[in-house]
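Under our numbering, the first residue of the sequence shown is numbered 4, with each subsequent residue one higher.
Where a beta carbon is used, it is the ideal one built from N, C-alpha and C, also for glycine.
What follows is a single structure, written as structure tokens, with notes after it.
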Amino acid sequence: MTDSADPREELIEHLPAMRAFAMSLTRNSAAADDLVQDTIVKAWGKFDHFQTGTNLRAWLFTILRNTYYSLYRKRRREVEDPDGEMAGAISEKPAHDGHLVMNDFREAFAQLTDEQREVLILVGAEGFSYEDAAEMCGCAVGTIKSRTNRARKRLAELMHLDEDDSLDMTDAATLAVVQGNPAA
């Protein structure tokens, strides 16, 4: 790397090594990918602190290692609840009777394909544009629109909903997933 080159341009060269290091720490590919992503986000936001001419890989690995240990310390304080029993015991059901119970939505959503769930989360719940979702998924905008339409139809079918049904949902994000309105 030359002194005048932007270190951001060199970043991609270090991704495989960063992922390997993250795998050695986490021993889980999904967790390693998340760790690398967190590291890239942190590094990108702090590039003004990077000293040009120093070792970028070492700087990135330091951020990755520190991120891992921060997450590790945080997880030690958290209680695992994979089945949601503890959360279910302390949660409060909505005071109103809705047309759609959240559990029904979760069950129907779980029956969708991975691609359908992904696109509904990106476009519906997170509110990304079709163009942004297409870029994230690495496919054409038309493909995202088609997947979204098919996913919403399938979700409505699984939930036994008609087009003219009034939906009293528990939250704006769920409503956005089902109807296509942006989440508030």
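Check for me: the alpha helix (DSSP H) holding residue i runs from which residue to which?
| i | result |
| --- | --- |
| C140 | 133-140 |
| K148 | 144-161 |
| E12 | 10-13 |
| P19 | 18-29 |
| F64 | 59-80 |
| F108 | 105-114 |
| G48 | 32-48 |
Enumerate in chain order the residues of its own chain whose CB-to-CB distance from residue i is below 7 Å, with the five nearest sequence positions on each side excluded.
| i | result |
| --- | --- |
| E3 | Outside the displayed span of the chain (4 to 187) sits residue 3, for which this structure offers no information. |
Would you please state the rounded distance, in angstroms, between the beta carbons of residue i and residue j? I believe it to be under 8 Å.
| i | j | result |
| --- | --- | --- |
| L59 | P10 | 5 Å |
| V39 | A20 | The Cβ separation is near 10 Å, so there is no contact. |
| Y71 | L18 | The Cβ separation is near 16 Å, so there is no contact. |
| I66 | K45 | 5 Å |
| A33 | R22 | Wrong, their Cβ atoms sit about 12 Å apart, outside the cutoff. |
Nearest CA to the CA of residue i: which residue from the options?
| i | options | result |
| --- | --- | --- |
| E49 | L38, W62, G56 | The amino acid at residue 49 is misidentified as Glu; the sequence shows Lys. Nearest of L38, W62, G56 to K49, Cα basis: W62. |
| E13 | E138, I43, A154 | I43 |
| F108 | R157, L18, N31, T55 | R157 |
| E138 | G127, R153, V122 | V122 |
| K148 | Q114, D51, V126 | V126 |
| G91 | N106, R22, A128, H52 | N106 |
Among the residues of its own chain, which have a CB less than 6 Å from the CB of residue i, if the five just before and after it don't count?
| i | result |
| --- | --- |
| D100 | Because D100 sits at a pLDDT of 46, beneath the cut-off of 50, its placement in the model cannot be relied upon, and the following sentence gives the value as read from the coordinates. Nothing listed; no residue qualifies. |
| A111 | L158, L161, M162 |
| A136 | L125, V126, I147 |
Task: Cβ contact check for the region 112-124 and the region 76-91: 3 or more pairs under 8 Å - done: no
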